[in-house]
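Here the structure is laid out as C-alpha cells; the discussion comes afterwards.
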Amino acid sequence: MANIKPDKKRIVGLFGHHGCGKTTLMDAILKNYSGADRIGQRYLDSEEVEKDKGATFSNHVVSVDYNDTRFYFFDTPGMSDFLGDIDVAINAVDNVVLVVNANSGIEVTTERIWKIARANKKPIFLFINQMDKEGVNFGELVSSIKEAFEDGVKVVPLQVPVGEGPEFKGIVNLITHEAFEYEMNQSGNDKKLNDIPEISKTYYEDYHQELIEDVVETNEAMMEKYLEEGEEALNPENVFKALHQAFEDDEIVPIVVGSAEKNIGLDRFMEMIRLVGMRPSERIFNGKIEDKEFKIEGKEEEPFVGLVVKNAVDPFVGKLTYIRVLSGTVKSGDSFVEVQEDSNEKVSHIYIPKFDKNEEVSEAGVGDIIVVPKLKKSRINDTVAHSSRLIKVDVPEFPEPMISKSVKPTSKNEIDKVNNALSKLQESDPTFSWEFDPETGETIVSGLGTTHLEIMIERLKKTFKVNVEVGKPKIAYRETIRRKVVAEYKHKKQTGGHGQYGHVKIEIEPLPRGEGYEFVDKIVGGVIPKNFIPSVDKGIKEAMKKGVVAEYPVVDIKVTLFDGSYHDVDSSDIAFQIAARQAFKDGMKNANPVILEPIMKVEVFTPTEYTGDVMGEISSKRGRPMGMQSMGRGMDRIDAEIPLAEMLDFSPRLSSITSGKGYFTMKFSTYQEVTPDIQQKIIQEREREKAEQE
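What follows is the structure, given as C-alpha cells:
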C-alpha cells in the first residue's frame, strides 16, 4: 500500500432506519470501486444470523479507494436495539451519512441518529436513497426534512434529481451546474449532459440560489464578493472550499440523491464526500492523563494514540481488533499499551479491512482504521497508546442493558463452552452482559431490548455452535430499604483445632436514589483489628447481591460498622465476612425493604389523530405523561415515564393503535419503588422461577 496522507482519507458512517438501503448502498460502492460482483449480495453482512435475517446487527468496517482518496466506511445497524454500535460508530467516524428512504421519509431511527450526531457536533450528509421508487416527490421530501431537522443548522440540497420515481435517471450538481445521466443497467456508468434537463429545471431554480446564499453567508470574504459582483464572480472550487468549512463547522447539512439498487449517482456521492467531507487531520479528540486534559490532534509526528472501535468474534481465527489511528503511526512489530486495562500489547501484523480479504500492511498512520489480530485485551472504546503518551480518549458512555433472559446449556458438559462464547460476545458488544449463577446453573444475559437479546442468543447458537434453553425476559429489579436500623451478628463456631469467630455491629440506612453503596468504618479502640475491616465490607457487598424480598441486588444504602469483637486465635477473614453478611440480611429484614423497578424516559411520536388513544395506552401501562407538543407535519410528541416491565409489548401495541405510523424512543431514567400489589406479583413470579429451577 502506498503511503496515503491523512488529508487523502475520509472516515464515513452510513446510518439510518432499518430498510433505508445502507447495506445496498455499501454493495454498490464495493461493486464500483472494490471489484464486488453485483449489488444486492450484502457483502458486509458476514455473520450467519445476518444472512438468515437479511439485516445488519453490528458495525462492519471496510476500506475503499476512490481516485486518490482512501475511504473507510462503517455500515451500521438500523434498529434502535443496537444503539451501542450506533454510538460507537458516530464517535469513530468524521462524516455521518444519514440515509433516508425516499418513499418512507424521516423514520424513527433516522430522527434518533440525527439527535445523537447533532449532540456530538458531527457533520452530516443526508443521502436520499431509492429515488427510483414509485410515488417519490423530491420537493415534498425536502420540505419534510427541513421541517424535521432545521434546528440551528441549514439543510439544503447539493444535488437535485433528473426525474423521480421510475423516471429517475440522473442528478444535477447545484454548484458546478453539471448534469449527469446514468445507464439503466446497474453499471454505474454516466454521461455528462450539455444542458440541465427540462425535467430538473424547477428543482434547480428552487434550490440553487438557496444553496449558494447559505454557503456564502458562512464566509465573509465570499459574501462581500457575491454582493458586489454576483454569482458569476464565484469560482466553484472556492464555493466547495467554503462549503467544506461550513460542513465541518456544523453549519450546513448537504442533501445528495441517488439509487443504490440502480447504481445511480454513487460516483457523484463519493466525489461530494471527497470534496466536502471532514478529513482525519481536522478532527481533534479530547482525552486525559490522570486528571489533566489533553487535545489529540491528527498529526503523524506525534506519539501513537489509537481508539478501539470494533472487536470481531471469530471462533476459528480468534479476536480481531479494529483500531482508528488518531495520532502518530504504528508499524508491525511495534508495542503499545491498552491504557484502561494497563496491558502491554505486541502488534504482530497490521491489516487494512477489505470486503473480501484484508490487506496486510507494514505501517499505518492518522486516519487509518487497522485490524490487529490476537490482542490480549482490547475493549471497544478503550485507548491504545505509545508508552510515552498514556492518554485516555474521552468517549460517550454506553447505554445500560435493561432486558434480561436466562440461558441454560442443554448439556452440563457445555457450561464452560457457553461461558467462553458469552465472554467473546461481550467483547464484541459492550451493551451485552452476562452472569452465571452457580446455584441455579443458569446464566443471565442482558441487553438493550428483546431484539438485541434474540440476536445475541442466535449468535451464540450459530457462531459458536452451542445449544441453550432460553427462559423468559427478566427485568433488572433492585431492592433497597426505607428506614435506618441497627443490626448485630456474632459468628461463633468451635471445631477441632481453630474455631471461627467474628462479631459485628452495623447501622444500615437508606441513601438517595442512584447513590449506590457507601461503607463507613467507625471502629475505635481496636475492637475489630484493621485487617478485618475490609472483610466486613466484602461480606456486606456479597450479601447485597441478593436482597431479602425477592433476591434482587440491593442498592442505595449506607452501612456503618461501629462495634464488634474478635478472638485472638479463632477470628479470620472468612469469619468476619460471614458475620457481616448475616448481620446485613437480618438488618435489612427490619429496615422496611422494598423492590425498585427501572423507569424509562419515553418519547412517543404519533400522528395527532391518535394522540388521545396513545395517552390512554400510556396510562394503562402505569405510565406518567410528562408533556406533549406538536412536532408539525401532523405529528405529536408525548414525553412520559413508564416502567420497563410495561414496555415489553409496547411496540406492537403502539403500531396497532397508530396503524404503523407511531414510533418511540426510550432510555433509562431512574429506579422507583413499586406499589405493594406490584411487589407481591414480582415476589410470586420470582418464587415460580425458583420452583421451576428445582
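Going by this note's numbering, the first residue of the sequence shown is number 25, and it counts up by one from there.
We put the beta carbon where it would ideally sit given N, CA and C, even for glycine.
All of these numbers come straight from a predicted model, not from anything done at the bench.
One question on the structure: do residue 75 and residue 63 come within less than 8 Å of each other, judged by their Cβ atoms?
Along the sequence shown, read from residue 1 onward, the residue named residue 75 stands at position 51. Along the sequence shown, read from residue 1 onward, the residue named residue 63 stands at position 39. Not closer than 8 Å, so no.
Starting from residue 76, trace the alpha helix (DSSP H) in both directions and tell me its first and last residue.
The residue labelled residue 76 in the question sits at position 52 within the sequence shown. Where residue 76 is concerned, the enclosing alpha helix (DSSP H) starts and stops at 72 to 77.
Go ahead and label residue 286 buried or exposed: buried means 16 or more other beta carbons lie within 10 angstroms of its beta carbon, across all protein chains shown.
The sequence position of residue 286 within the sequence shown is 262, counting from 1. Residue 286 sits buried, since 16 or more C-beta atoms from the chains shown fall within 10 Å of its C-beta.
Find the nearest neighbour of residue 684 within the set 671, 131, 115, judged by alpha-carbon distance.
Position 660 of the sequence shown, counting from 1, holds the residue named residue 684. Ranking the options by Cα distance to residue 684, first place goes to 131.
In terms of residue numbering, what span does the beta strand (DSSP E) encompassing residue 351 cover?
Counted from its first residue, the sequence shown places residue 351 at position 327. Here the beta strand (DSSP E) through residue 351 covers 344 to 351.
Distance between residue 245 and residue 395 (C-alpha atoms, nearest Å)
Position 371 of the sequence shown, counted from the first residue, corresponds to residue 395. Position 221 of the sequence shown, counted from the first residue, corresponds to residue 245. The alpha-carbon atoms of residue 395 and residue 245 are separated by roughly 44 Å.
Quick test of your reading: residue 288 and residue 193, contact by CB under 8 Å. State the CB separation rounded to the nearest angstrom.
Working through the sequence shown from its first residue, we reach residue 288 at position 264. Working through the sequence shown from its first residue, we reach residue 193 at position 169. The pair is a contact, with the Cβ atoms about 7 Å apart (cut-off 8 Å).
Continuous alpha helix (DSSP H) assignments of at least 4 residues falling wholly in the segment 116 to 149
Segments of the alpha helix (DSSP H) lying fully in the segment 116 to 149: 132 to 143.
Please look up how many angstroms separate the CB atoms of residue 391 and residue 625, rounded, as I've assumed it's under 8 Å.
Position 367 of the sequence shown, counted from the start, is the residue given in the question as residue 391. Position 601 of the sequence shown, counted from the start, is the residue given in the question as residue 625. Their Cβ separation, rounded to whole angstroms, is 37 Å, which puts residue 391 and residue 625 out of contact at 8 Å.
Residue 622 classed as buried or exposed, judged by whether at least 16 other C-beta atoms fall within 10 angstroms:
If you number the sequence shown from 1, residue 622 lands on position 598. Buried, by the Cβ-count rule.
Could you round the C-beta distance between residue 303 and residue 30 to whole angstroms and report it? I think they count as a contact, below 8 Å.
Position 279 of the sequence shown, counted from the first residue, corresponds to residue 303. Position 6 of the sequence shown, counted from the first residue, corresponds to residue 30. Confirmed, Cβ separation roughly 6 Å.
Does the segment 312 to 320 come into contact with the segment 133 to 144, if we say contact requires no fewer than three beta-carbon pairs (one atom in each stretch) closer than 8 Å?
They do not touch, by the three-pair rule.
Reduced DSSP category for residue 268 - H, G, I as helix; E, B as strand; rest coil:
The count along the sequence shown starts at 1 and reaches residue 268 at position 244. Residue state, collapsed to three classes: helix.
Among 293, 198, 152, the one whose alpha carbon lies nearest that of residue 214
Locating residue 214 in the sequence shown gives position 190, counting from the first residue. If we check each option's Cα against that of residue 214, 293 comes out closest.
Cut-off 8 Å between Cβ atoms - residues of its own chain near residue 387, not counting five sequence neighbours on either side
Position 363 of the sequence shown, counted from the first residue, corresponds to residue 387. The beta carbon of residue 387 sits closer than 8 Å to the beta carbons of 27, 353, 354, 355, 356, 374 from its chain, once the five residues preceding and following it are set aside; these are given in chain order.
By how many angstroms is the C-alpha of residue 329 removed from the C-alpha of residue 219?
Your numbering for residue 219 matches position 195 in the sequence shown. Your numbering for residue 329 matches position 305 in the sequence shown. Each residue's Cα considered, the two are about 50 Å apart.
Pull up the DSSP beta-bridge partners for residue 433, would you.
As a first step, residue 433 is located in the sequence shown; it is residue number 409 there, counting from the start. In the DSSP output, where bridge partners are listed per residue, residue 433 has 492.
Could you check whether residue 543 and residue 564 sit closer than 8 Å to each other, using their CB atoms as the reference points?
Numbered from 1 along the sequence shown, position 540 holds the residue referred to as residue 564. Numbered from 1 along the sequence shown, position 519 holds the residue referred to as residue 543. Closer than 8 Å, so yes.
Under a Cβ-count criterion, where at least 16 other Cβ atoms within 10 Å of its own Cβ denotes burial, should residue 452 be classed as buried or exposed?
Mapped onto the sequence shown, residue 452 falls at position 428. Residue 452 should be labelled buried.
So what's residue 382 in DSSP terms, helix, strand or just coil?
For the purposes of this step, residue 382 is identified with residue 358 of the sequence shown, where counting begins at 1. Three-state DSSP puts residue 382 in coil, outside helix and strand.
Tell me the start and end of each unbroken alpha helix (DSSP H) in the segment 296 to 378 that is at least 4 residues and wholly inside, in chain order.
If we require 4 residues or more, the segment 296 to 378 turns out to have no alpha helix (DSSP H) run fully inside it.
Measuring straight from C-alpha to C-alpha, what distance separates residue 48 and residue 284?
Residue numbering aside, residue 48 sits at position 24 when the sequence shown is read from its first letter. Residue numbering aside, residue 284 sits at position 260 when the sequence shown is read from its first letter. Distance between the alpha carbons of residue 48 and residue 284: 6 Å.
Residue 224 and residue 184 - do their beta-carbons sit closer together than 8 Å?
Here residue 184 refers to the residue found at position 160 of the sequence shown. Here residue 224 refers to the residue found at position 200 of the sequence shown. Yes, they are a contact pair.
Apart from the five residues just before and just after residue 425, which ones in its own chain have a Cβ nearer than 7 Å to its Cβ?
The residue you call residue 425 lines up with position 401 of the sequence shown. These residues qualify, in order along the chain: 455, 456, 457, 470, 471, 472.
Proximity to residue 348 [Cα-Cα], best of 36, 688, 715, 705
Taking the sequence shown and counting its residues from 1, the one referred to as residue 348 is at position 324. Ranking 36, 688, 715, 705 by CA distance to the CA of residue 348 puts 36 first.
Around the C-beta of residue 650, are 16 or more other C-beta atoms found within 10 angstroms, so that it is buried, or is it exposed?
Locating residue 650 in the sequence shown gives position 626, counting from the first residue. Here residue 650 is exposed. Its C-beta has fewer than 16 other C-beta atoms within 10 Å.
I'd like to know whether the C-beta atoms of residue 556 and residue 597 end up nearer to each other than 8 Å.
Indexing the sequence shown from 1 puts residue 556 at position 532. Indexing the sequence shown from 1 puts residue 597 at position 573. Cβ distance < 8 Å, so residue 556 and residue 597 count as in contact.
Which one or two residues does DSSP pair with residue 34 in a beta bridge?
The count along the sequence shown starts at 1 and reaches residue 34 at position 10. Its beta-bridge partners are 95.
Take residue 152 as the anchor and find which of 121, 99, 281 has the nearest alpha-carbon.
Here the question's residue 152 lines up with position 128 in the sequence shown. Nearest to residue 152 by alpha-carbon distance, out of 121, 99, 281, is 281.
Using DSSP with H/G/I as helix, E/B as strand and the rest coil, what is residue 419?
If you number the sequence shown from 1, residue 419 lands on position 395. The answer is coil: DSSP assigns residue 419 none of H, G, I, E or B.
Are the CB atoms of residue 532 and residue 583 within a distance shorter than 8 Å?
Position 559 of the sequence shown, counted from the first residue, corresponds to residue 583. Position 508 of the sequence shown, counted from the first residue, corresponds to residue 532. The beta carbons of residue 583 and residue 532 sit closer together than 8 Å.
Count the C-beta pairs between the segment 599 to 611 and the segment 523 to 541 that are closer than 8 Å, then say yes if the count reaches three, no if not.
A contact between stretches requires three or more CB pairs, one per stretch, nearer than 8 Å, and the segment 599 to 611 meets this requirement with the segment 523 to 541.
What's the call for residue 701, buried or exposed, on a 16-neighbour Cβ count within 10 Å?
Residue mapping note: residue 701 aligns to position 677 of the sequence shown, counting from 1. The C-beta of residue 701 has fewer than 16 other C-beta atoms within 10 Å across all chains shown, which makes the residue exposed.
Which runs of the beta strand (DSSP E) at least 3 residues long sit entirely within the segment 593 to 663? Give them in chain order.
The segment 593 to 663 is shown to contain whole beta strand (DSSP E) runs of 3 or more residues at 617 to 631, 648 to 656, in chain order.
Taking the straight line between their C-alpha atoms, what separation do you get for residue 157 and residue 186?
To locate residue 157, count along the sequence shown from 1; it is residue 133. To locate residue 186, count along the sequence shown from 1; it is residue 162. So the alpha carbons of these two residues sit roughly 14 Å apart.
Does the Cβ of residue 466 have 16 or more other Cβ atoms within 10 Å, making it buried, or fewer, making it exposed?
What you label residue 466 is simply residue 442 of the sequence shown in a count that begins at 1. Result: buried.
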